[in-house]
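When we follow the numbering used here, the leftmost residue of the sequence shown carries the number 1, and every step to the right adds one. Structure first, commentary second.
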Amino acid sequence: MTDRQLPHDPYITAVTDALTTAGLEPADGWTSDAETRGTYCYLDAVITLDPNTSGIPAERWRDGLILIWEWHTGIEADQGEPERGPSWEWARLVDPHGECGEREGFTALGYPSPAYVVESVRALIERRNQSTPAERWERADELDAACEAWGADEGSE
Numbered sequence: 001m002t003d004r005q006l007p008h009d010p011y012i013t014a015v016t017d018a019l020t021t022a023g024l025e026p027a028d029g030w031t032s033d034a035e036t037r038g039t040y041c042y043l044d045a046v047i048t049l050d051p052n053t054s055g056i057p058a059e060r061w062r063d064g065l066i067l068i069w070e071w072h073t074g075i076e077a078d079q080g081e082p083e084r085g086p087s088w089e090w091a092r093l094v095d096p097h098g099e100c101g102e103r104e105g106f107t108a109l110g111y112p113s114p115a116y117v118v119e120s121v122r123a124l125i126e127r128r129n130q131s132t133p134a135e136r137w138e139r140a141d142e143l144d145a146a147c148e149a150w151g152a153d154e155g156s157e
């Protein structure tokens with residue numbers, strides 16, 4: 001996490017806490033307002049799960065996996081960047097230093113509840129379909145408003 005509060009910090013903290021409670025304790029995690037192609041910023045978060053701390057099976061996830069949440073301003077959508085709003089992705093770690101394979105879409109879309117993210121991770125690591133119906137985080141509207149306000153400030157710079 002950064003030294004200053006970002007709009008998505010409470011959400012990512014809730015997801016991290018839910019993963020920990022479910023026995024999938026993250027090995028690492030952070031949030032930022034990073035640059036994309038050096039032009040516009042977006043909000044993002046990365047949560048790392050590895051077999052040593054997260055209880056995921058080492059035979060399939062030797063170096064672990066990462067969960068990636070991003071919120072894009074949509075400013076660069078005409079240049080192939082994502083449309084405005086949130087997305088979840090995951091990637092397999094391919095070495096112990098954090099390099100990852102190709103990012104893939106995650107069944108947890110937008111602002112899903114932390115419990116839904118946990119179930120999505122379990123489905124992924126167990127190679128099965130997601131069985132829990134999608135539910136939004138109870139503070140999703142508050143989070144969306146905070147992200148939109150951040151995006152408006154970013155777009156005006």
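All C-beta atoms in this analysis are idealised placements derived from N, C-alpha and C, irrespective of residue type, glycine included.
Beta strand (DSSP E) runs wholly inside the region 82-113, at least 3 long, in chain order: 85-92
Three-state secondary structure assigned by DSSP to Ala34: Taking the sequence shown and counting its residues from 1, the one referred to as residue 34 is at position 34. Looking at Ala34 - three-state DSSP - the assignment turns out to be strand.
Proximity to Tyr11 [Cα-Cα], best of Ala152, Asp141, Phe106 and Thr48: Position 11 of the sequence shown, counting from 1, holds the residue named residue 11. Checking every option, the nearest Cα to that of Tyr11 belongs to Asp141.
Cβ shell of Gly110 (< 6 Å), same chain only, five flanking positions each side left out: Residue mapping note: residue 110 aligns to position 110 of the sequence shown, counting from 1. Correct list, in chain order: Pro86.
Own chain residues within Cβ distance below 7 Å of Ala18, not counting five before or after: In the sequence shown, residue 18 corresponds to position 18, counting from 1. Counting only Cβ-Cβ distances below 7 Å, and skipping sequence neighbours, we find Pro114, Ala115, Val117 and Val118.
Distance CB(Thr31)-CB(Ala45) smaller than 7 Å: One-based indexing of the sequence shown puts residue 31 at position 31. One-based indexing of the sequence shown puts residue 45 at position 45. Contact flag set, yes.
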